[in-house]
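J.: Numbering (my numbering), first residue to last: 1 to 306.
By construction, the Cβ of each residue, glycine as well, lies at the ideal position given by its N, Cα and C atoms.
Sharing a structure, written as structure tokens. Questions coming.
Set out below in structure tokens:
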């Protein structure tokens, strides 16, 4: 665990540093409050700190106020060290943003115990943040393929449509459906079918740009949102996806399985005001046309605009 110690008395600073290093901490030692605040406010700065009350540039409570104001992403556990012992001083220190208060001279065992308390609190916060992020991910992503789920991809598409209408730029929507996927499940079983879907998802992500969106729209249907993609490029981009899927058989536990995808494409240009529901109908019609044309191909919807 990284810890910052701040004290303008050189002897006290060295003694405290040695004590903490022997206890296993990675110590950053500074001699004034301004430097302490700068270190603690860095994104990768220490999250545990021992701050002397009286320091040049900025005192301990001032450091606490600065850190609380500037670093809001993750908690920094701040302990004030001082010879002041009145209740008014304690209240002032805690109201400045300090988490704990230790009166000099302090017992090394008590110091370690208080730091252990701080470490446990930081670990609890990390666990809560991790759990919250895990819940957010599960709420927005498909559990099988790890792609965006239907609700999230449609929400992002609606947001992008609104944004593109304001800045008068184009956006392309691609709806892809795996050809004869039911045959894969019927022949090899659903476990192998899941392997195919996961690999298809991986290939689709690898065939789009980092600022495009890919979501699982249905069982074997996938929706792709191609940002800033005009009509003259849309089919080429869809062809890249198609080739990525069908270019080589998918390796599974039952051996390689060839798979292809049919894709419908719709481009909403700068002058297009078609709402989301009608766009989805248009791209679905384009996909149906691609299926009717023999599958393993792309079709641009007739209503697409430049």
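Out of 231, 145, 129 and 222, which has the shortest C-alpha to C-alpha gap to residue 169?
T.: Working through the chain shown from its first residue, we reach residue 169 at position 169. Checking every option, the nearest Cα to that of residue 169 belongs to 231.
J.: What three-state label does DSSP hand residue 135 in the structure shown?
T.: As a position in the chain shown, residue 135 is number 135, starting the count at 1. Residue state, collapsed to three classes: helix.
J.: Enumerate in chain order the residues of its own chain whose CB-to-CB distance from residue 303 is below 8 Å, with the five nearest sequence positions on each side excluded.
T.: Looking up residue 303 in the chain shown gives position 303. 266, 274 and 282, listed in sequence order.
J.: Quick check on the burial criterion: 16 or more other C-beta atoms within 10 angstroms. Buried or exposed for residue 248?
T.: As a first step, residue 248 is located in the chain shown; it is residue number 248 there, counting from the start. That one is exposed.
J.: On the three-pair Cβ rule with 8 Å, is the segment 256-264 touching the segment 281-299?
T.: These segments touch.
J.: Quick check on residue 215: buried or exposed, where buried means 16 or more other Cβ atoms within 10 Å of its Cβ?
T.: Here residue 215 refers to the residue found at position 215 when the chain shown is read from its first residue. Buried.
J.: What's the gap between the Cα of residue 212 and the Cα of residue 26?
T.: For this step, residue 212 is matched to residue 212 along the chain shown. For this step, residue 26 is matched to residue 26 along the chain shown. Cα to Cα, residue 212 sits roughly 41 Å from residue 26.
J.: Going by the DSSP bridge assignment, what does residue 256 pair with across the sheet?
T.: The residue given as residue 256 occupies position 256 in the chain shown. Its beta-bridge partners are 251.
J.: Is the beta carbon of residue 79 closer than 7 Å to that of residue 124?
T.: The count along the chain shown starts at 1 and reaches residue 124 at position 124. The count along the chain shown starts at 1 and reaches residue 79 at position 79. The answer is no: Cβ separation not under 7 Å.
J.: Strictly by DSSP, which residues pair up with residue 112?
T.: Here residue 112 refers to the residue found at position 112 when the chain shown is read from its first residue. None, per the DSSP bridge assignment.
J.: Taking residue 28 and residue 13 to be in contact with their CB atoms under 8 Å, please state how far apart those CB atoms are, rounded to whole angstroms.
T.: Walking along the chain shown from the start, residue 28 turns up at place 28. Walking along the chain shown from the start, residue 13 turns up at place 13. About 11 Å; that fails the 8 Å criterion.
J.: Looking at C-alpha atoms only, which residue of 97, 53 and 83 is the closest neighbour of residue 68?
T.: Indexing the chain shown from 1 puts residue 68 at position 68. Residue 68 has its Cα closest to that of 97, out of 97, 53 and 83.
J.: Let me know the secondary structure DSSP gives residue 287 once reduced to three states.
T.: Taking the first residue of the chain shown as position 1, residue 287 is located at position 287. Residue 287 falls in the helix class under three-state DSSP.
J.: Taking three-plus beta-carbon pairs below 8 Å as touching, is the segment 243-257 in contact with the segment 199-209?
T.: Touching, yes.
J.: Under the three-state reduction of DSSP, which class applies to residue 3: helix, strand or coil?
T.: Numbered from its first residue, the chain shown carries residue 3 at position 3. If DSSP states are grouped into helix, strand and coil, residue 3 belongs with the strands.
J.: Taking the continuous alpha helix (DSSP H) assigned at residue 307, which residues delimit it?
T.: As shown, the chain starts at 1 and ends at 306. That puts residue 307 outside it, with no answer to give.
J.: Among the residues of its own chain, which have a CB less than 6 Å from the CB of residue 277, if the five just before and after it don't count?
T.: Numbered from 1 along the chain shown, position 277 holds the residue referred to as residue 277. Taken in chain order, the list of residues that qualify is empty.
J.: With distances taken Cα to Cα, identify the nearest neighbour of residue 183 among 171, 196 and 176.
T.: The count along the chain shown starts at 1 and reaches residue 183 at position 183. Comparing Cα-Cα distances from residue 183 to each of 171, 196 and 176, the minimum goes to 196.
J.: What number of angstroms, rounded off, separates the C-alpha of residue 56 from the C-alpha of residue 132?
T.: Working through the chain shown from its first residue, we reach residue 56 at position 56. Working through the chain shown from its first residue, we reach residue 132 at position 132. Going by the C-alpha atoms only, they are around 40 Å apart.
J.: Skipping 5 residues on each side, what residues in its chain have a beta carbon closer than 6 Å to that of residue 299?
T.: The residue labelled residue 299 in the question sits at position 299 within the chain shown. Within the same chain, residue 299 has close Cβ partners 264, 286, 289 and 290.
J.: For residue 64 and residue 36, I'd like the C-alpha separation in whole angstroms.
T.: On the chain shown, position 64 is the one that residue 64 refers to. On the chain shown, position 36 is the one that residue 36 refers to. Taking the straight line from one Cα to the other gives about 10 Å.
J.: With DSSP collapsed to three states, give me the class of residue 12.
T.: Start at 1 with the first residue of the chain shown, and residue 12 comes out as number 12. If DSSP states are grouped into helix, strand and coil, residue 12 belongs with the helices.
J.: Looking only at its own chain, which residues have a Cβ that is under 7 Å from the Cβ of residue 301, when we skip the five neighbours before and after it?
T.: Taking the chain shown and counting its residues from 1, the one referred to as residue 301 is at position 301. So the list reads 264, 265, 266, 282, 283, 285 and 286, once near-sequence residues are dropped.
J.: Measuring CA to CA, which of 227, 17, 233 and 126 is closest to residue 73?
T.: In the chain shown, counting from the first residue as 1, residue 73 sits at position 73. Looking at the Cα atoms, 126 is the closest of the given residues.
J.: Tell me the DSSP bridge mates of residue 49?
T.: Taking the first residue of the chain shown as position 1, residue 49 is located at position 49. Answer is 4 and 78, bridged to residue 49.
J.: Output the residue ranges of the beta strand (DSSP E) runs that lie fully inside the segment 186-245 and measure 3 residues or longer, sorted by chain position.
T.: Correct list: 213-216 and 221-227.
J.: My output table needs one value for residue 54: the three-state DSSP class, helix, strand or coil.
T.: The sequence position of residue 54 within the chain shown is 54, counting from 1. Coil at residue 54, not helix or strand.
J.: List the endpoints of the continuous alpha helix (DSSP H) containing residue 65.
T.: Here the question's residue 65 lines up with position 65 in the chain shown. Unbroken alpha helix (DSSP H) run through residue 65: 60-70.
J.: For residue 258, which of 192, 228, 208 and 9 has the nearest alpha-carbon?
T.: The sequence position of residue 258 within the chain shown is 258, counting from 1. Nearest of 192, 228, 208 and 9 to residue 258, Cα basis: 192.
J.: Please go through the same chain and pick out, in chain order, the residues whose beta-carbon is closer than 6 Å to the beta-carbon of residue 31, but skip the five residues on each side of it.
T.: Residue numbering aside, residue 31 sits at position 31 when the chain shown is read from its first letter. Excluding sequence neighbours, residue 31 sits near 8.
J.: Residue 177 and residue 221 - do their beta-carbons sit closer together than 7 Å?
T.: Taking the chain shown and counting its residues from 1, one reaches residue 221 at position 221. Taking the chain shown and counting its residues from 1, one reaches residue 177 at position 177. Cβ atoms of residue 221 and residue 177: closer than 7 Å.
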